[in-house]
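Below: the structure, in structure tokens.
In the numbering used here, the protein residues as written are 1 to 106.
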């Protein structure tokens, strides 16, 4: 399996959930031209941004495993200014509304 899926096609992009179903669906969509069979694949070691996709033991089509990466497409990401990295050192950190894009304009 590692030989047929290129490194760029192991980057799955945004997925809805970090579960086996979502990861396999994203892998199949990203590699549509390879006509992969989801029934012969499984997922293990699911983490926040990666997982391992491997051939099931009874697979007649695949062998081996690959590491895939992804990001979770969460609804809370609509407000990117709410948790900006490195922003905790400012004096206005007690008032997160003051640092939002567009601000109060005062």
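Glycine is no exception: its CB is placed at the ideal position from the N, C-alpha and C atoms.
Best match in 27, 39, 8 for proximity to residue 58 [C-alpha to C-alpha]: 39
Of the listed residues 24, 71, 13, nearest to residue 44 (C-alpha basis): 24
Please name the residue in 56, 65, 49 whose C-alpha comes closest to that of residue 19. 49
Straight-line Cα distance separating residue 47 from residue 17: 11 Å
Close-in-space but distant-in-sequence residues of the same chain around residue 11 (CB under 6 Å, 5 per side omitted): 69
Residue 27: first and last residue of the uninterrupted alpha helix (DSSP H) it sits in: 20-30
Alpha carbon to alpha carbon, how far is residue 66 from residue 42? 11 Å
Quick one: grab the DSSP three-state call for residue 50. strand
Between residue 30 and residue 71, is the Cβ-Cβ spacing less than 8 Å? no
Which word fits residue 22, buried or exposed, when buried means at least 16 other C-beta atoms lie within 10 angstroms of its C-beta? buried
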